[in-house]
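Student:
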Amino acid sequence: MTDKPRIIIGLLFVLVAVTFPFWYALAGQTSTETPELVLPESGQCIVGAAEMRAKHMDILEVWRNEVVRHGDQELVEVGDQKYEKSLTKTCMNCHESREAFCQKCHEYADVHPTCWNCHNEEKGD
Amino acid sequence: MSQDRRSFLKNAGCAAMGIGCGFPLLGVGCNRAEHGEGDSQTSQLAMIVDIEKCQDPKVQEACTKACHQAHNVPEIKDKHHRIDWIKSEKRGHVFPDQTHAHADKTVKDMPVLVLCNHCDNPPCVKVCPTAATWKRDSDGVVMMDMHRCIGCRYCMAACPYGARSFNWSDPEFKETRKLADYPRREKGVVEKCTFCEELIRRGETPACVEAAASVSGGEGALVFGDLSDKQSEVSKILADSSINTICRRVSLGTGPNVFYIV
């Protein structure tokens, strides 16, 4: 059994490689705590929080295609409220700061949407 | 009927090839059936530029400034990187096939306002690989979807009027510009005039038309309207035998919808 040391070294190497993401995260001091969001006072959104969390990107894409490509400007009706299909005019009207809302989760999830490369925030940067 | 292995394989191969050749045709047929053979376009917006009235530099400036401000078009000094939705060009360049060698220099160098022609048969739309630019059925405006543009610049090569500009860098703005209620563009997309799509859908007139009318002497310098409506001002001007109207490079068959009163 002269291969024993080699096998052990190999196993150790595999172990380190597999657990590398955890060490890397610890070394980089990235947090795994759920981000705390600043929520608007009204507390009312076009759909529930859980659905919004899962589907906001799909909703925005559907809105974008309807407005930009099909010229469909029809307002979205939720209860007795009517909303324009617009990220800057509807979403950002309540969620006033993208730093305090959008970006917190996007950073946590390490996603980089390009919305703000072109769209302006109504209330300025 | 008895059949040996060899002839069975031959026939099967021929049949597979026949079906394979048929599929593209089937696809074309289905597309035709889906989109309809005829033209589904219901109306066509058009603009008429009165060259004489646009000779006033104030009118030209008002038009370009209003347009570029309304759409967050950055000011770029480098002429190769400039972005223009509407601009003044020398008449000799705008109408190369209507200017002859003996024409006076003042005629050749006369400034003429140029913008996207929103052609009936737009070559830019045909070449776009992502359908980022398309001709809108409802009013014939040649639209741009910046979300889809991949910046290949085929459309710029295809457009015979040079109506499109490419963003070679991320635009920089003065604060006042950047905050306007219109998205800016990023590096790597192509942009052009959209007949102020965001205004006309609210029933307003394009920014340049509005701006030209606000300058004294500029009333009627730019006229905007629907060609399918025979009572619209554009239709009346084009039908008027006492007014000489032309459009750019008719021989190319693109069917421009920006007309010029000469």
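Just so you know, the protein sequences line up as chains A and B, in that order. Under this note's numbering, the first residue of the first sequence carries the number 1, and numbering increases by one thereafter. Under this note's numbering, the first residue of the second sequence carries the number 126, and numbering increases by one thereafter. Every residue gets a Cβ at the ideal spot worked out from N, C-alpha and C, and that includes glycine.
1) Are Asp102 of chain B and Ile371 of chain B close, meaning C-beta to C-beta below 9 Å?
2) Using CA atoms only, rank isn't needed, just tell me which of B:Glu358, B:Thr379, B:Ser213 and B:Glu200 is closest to Ile368 of chain B.
3) Please report whether the beta-carbon of Val111 of chain A lies at a distance below 9 Å from any beta-carbon of chain B.
4) Do Ala187 of chain B and Ala337 of chain B have their beta-carbon atoms positioned less than 9 Å apart in this structure?
5) What does Tyr347 of chain B pair with, by DSSP beta-bridge criteria?
6) Below 8 Å on C-beta distance, what does Glu311 of chain B contact in chain A?
7) Closest Cβ-Cβ distance between Val76 of chain A and chain B: below 9 Å?
8) Where do the ends of the beta strand (DSSP E) carrying Cys372 of chain B lie?
9) For the structure I just gave you, are there three or more beta carbon pairs, one from the stretch 260 to 269 of chain B and one from the stretch 317 to 330 of chain B, closer than 8 Å?
10) Which whole-angstrom value describes the C-beta separation of Ser294 of chain B and Asp209 of chain B, a residue pair presumed to lie in contact below a C-beta threshold of 8 Å?
11) In angstroms, rounded to a whole number, what distance separates the CA positions of Val348 of chain B and Val334 of chain B?
12) With 9 Å set as the bound, which would you pick, yes or no: does the beta-carbon of Asp229 of chain B sit closer than that to a beta-carbon of chain A?
13) Pull up the DSSP beta-bridge partners for Glu316 of chain B, would you.
14) Specify, as a first and last residue, the run of the beta strand (DSSP E) that Met52 of chain A falls within.
15) Are at least three pairs of beta-carbons, each pair with one atom in the stretch 234 to 247 of chain B and one in the stretch 134 to 142 of chain B, less than 8 Å apart?
16) Which term fits Pro5 of chain A, buried or exposed, when burial requires 16 or more other beta carbons within 10 angstroms of its beta carbon?
17) Output yes if chain A places a C-beta closer than 9 Å to the C-beta of Pro308 of chain B; else output no.
18) Would you call the stretch 13 to 25 of chain A and the stretch 86 to 93 of chain A touching, i.e. three or more CB-CB distances under 8 Å?
19) Mapping the DSSP letters down to three states, classify Thr88 of chain A as helix, strand or coil.
20) How would you list, in chain order, the residues of chain A whose beta-carbon sits under 7 Å from the beta-carbon of Asp270 of chain B?
21) Which of the three DSSP states, helix, strand or coil, is assigned to Trp23 of chain A?
22) Nearest chain B C-beta to Arg98 of chain A closer than 9 Å, yes or no?
23) Could you run through the stretch 311 to 326 of chain B and flag, in chain order, every residue whose CB is less than 7 Å away from some CB of chain A?
24) Once the 5 residues before and after Thr262 of chain B are set aside, which same chain residues still bring their CB inside 6 Å of it?
25) For the stretch 247 to 263 of chain B against the stretch 272 to 291 of chain B, are there 3 or more C-beta pairs whose distance is under 8 Å?
26) According to DSSP, Pro331 of chain B sits in a beta bridge with which residue or residues?
27) Less than 9 Å between CB atoms is the rule here; does Gln44 of chain A satisfy it with respect to chain B?
28) Just checking: is the beta-carbon of His106 of chain A within a distance shorter than 9 Å of some beta-carbon in chain B?
29) For Lys212 of chain B, collect the residues of the same chain with a Cβ closer than 7 Å to its Cβ; drop the 5 residues on either side in sequence, then sort them by chain order.
30) With a threshold of 9 Å between beta carbons, is Arg6 of chain A in contact with chain B?
31) Along the beta strand (DSSP E) that carries Tyr385 of chain B, what are the first and last residues, could you check?
32) Go through its chain and collect everything with a Cβ distance to Val184 of chain B's Cβ below 8 Å, but skip five positions before and after it.
33) Beta carbon of Cys102 of chain A, beta carbon of Ser42 of chain A: below 9 Å?
34) Only counting the same chain, and skipping five residues up and downstream in sequence, which positions put a Cβ closer than 8 Å to that of Gly163 of chain B?
Tutor: The relevant details are as follows:
1) Limits of chain B in this structure are 126 at one end and 387 at the other, which puts residue 102 of chain B out of reach.
2) Position 243 of the second sequence, counted from the start, is the residue given in the question as residue 368 of chain B. The shortest C-alpha separation from Ile368 of chain B is found at B:Glu358.
3) Taking the first sequence and counting its residues from 1, one reaches residue 111 of chain A at position 111. Not an interface residue.
4) Translated into positions along the second sequence, residue 337 of chain B becomes position 212. Translated into positions along the second sequence, residue 187 of chain B becomes position 62. Yes, Cβ-Cβ distance for Ala337 of chain B and Ala187 of chain B is below 9 Å.
5) Translated into the one-based positions of the second sequence, residue 347 of chain B becomes position 222. Checking the sequence, you will find Leu at residue 347 of chain B rather than Tyr. DSSP lists B:Val174 as partners of Leu347 of chain B.
6) Locating residue 311 of chain B in the second sequence gives position 186, counting from the first residue. Within 8 Å Cβ-Cβ: Thr114, Asn117 and Cys118.
7) Counting from one through the first sequence, the residue named residue 76 of chain A turns up at place 76. So no, Val76 of chain A is outside the interface.
8) For the purposes of this step, residue 372 of chain B is taken as the residue at position 247 of the second sequence. Where Cys372 of chain B is concerned, the enclosing beta strand (DSSP E) stretches over Thr370 to Cys372.
9) yes
10) The residue labelled residue 294 of chain B in the question sits at position 169 within the second sequence. The residue labelled residue 209 of chain B in the question sits at position 84 within the second sequence. About 16 Å; that fails the 8 Å criterion.
11) The count along the second sequence starts at 1 and reaches residue 348 of chain B at position 223. The count along the second sequence starts at 1 and reaches residue 334 of chain B at position 209. C-alpha separation (whole angstroms): 7 Å.
12) Looking up residue 229 of chain B in the second sequence gives position 104. Asp229 of chain B does not count as touching chain A.
13) Along the second sequence, one-based indexing puts residue 316 of chain B at 191. Beta bridge pairing from DSSP links Glu316 of chain B with B:Ser290.
14) Within the first sequence, residue 52 of chain A is the residue found at index 52, counting from 1. Boundaries around Met52 of chain A are those of the alpha helix (DSSP H), Ala49 to Arg64, since no beta strand (DSSP E) includes it.
15) Cβ pair count under 8 Å is below three, so no.
16) Within the first sequence, the letter at position 5 stands for residue 5 of chain A. Pro5 of chain A should be labelled exposed.
17) On the second sequence, residue 308 of chain B is found 183 positions in, with the first residue counted as 1. Yes, Pro308 of chain B lies at the interface with chain A (some Cβ there is under 9 Å from its Cβ).
18) no
19) Residue numbering aside, residue 88 of chain A sits at position 88 when the first sequence is read from its first letter. Helix.
20) Within the second sequence, the letter at position 145 stands for residue 270 of chain B. Simply Val68 and Arg69.
21) Position 23 of the first sequence, counting from 1, holds the residue named residue 23 of chain A. Reduced to three states, the DSSP call for Trp23 of chain A is helix.
22) Locating residue 98 of chain A in the first sequence gives position 98, counting from the first residue. So no, Arg98 of chain A is outside the interface.
23) Against chain A - using a Cβ distance shorter than 7 Å - the residues of the stretch 311 to 326 of chain B are Glu311 and Arg326.
24) One-based indexing of the second sequence puts residue 262 of chain B at position 137. The amino acid at residue 262 of chain B is misidentified as Thr; the sequence shows Asp. Excluding residues within five positions, the ones whose Cβ falls inside 6 Å are Ser165 and Gln166.
25) yes
26) On the second sequence, position 206 is the one that residue 331 of chain B refers to. According to DSSP, Pro331 of chain B bridges with nothing at all.
27) Looking up residue 44 of chain A in the first sequence gives position 44. It does not; no Cβ of chain B falls within 9 Å.
28) The residue labelled residue 106 of chain A in the question sits at position 106 within the first sequence. So no, His106 of chain A is outside the interface.
29) On the second sequence, residue 212 of chain B is found 87 positions in, with the first residue counted as 1. Cβ neighbours of Lys212 of chain B beyond the five flanking positions: Thr189 and Val239.
30) As a working mapping, residue 6 of chain A is identified with position 6 in the first sequence. Answer no: the Cβ-Cβ gap between Arg6 of chain A and chain B never drops below 9 Å.
31) Translated into the one-based positions of the second sequence, residue 385 of chain B becomes position 260. Here the beta strand (DSSP E) through Tyr385 of chain B covers Val383 to Ile386.
32) If you number the second sequence from 1, residue 184 of chain B lands on position 59. Contacts found: Lys178, Ala337, Val340, Gly342, Gly343 and Ala346.
33) The sequence position of residue 102 of chain A within the first sequence is 102, counting from 1. The sequence position of residue 42 of chain A within the first sequence is 42, counting from 1. No.
34) As a working note, residue 163 of chain B is residue 38 in the second sequence. Confidence at Gly163 of chain B is low in this model, with a pLDDT of 48, below 50, so the placement of that residue should be treated as unreliable; the coordinate-derived value is given next. Shown here for Gly163 of chain B: not one same chain residue has a beta carbon closer than 8 Å to its own, the five before and five after excluded.
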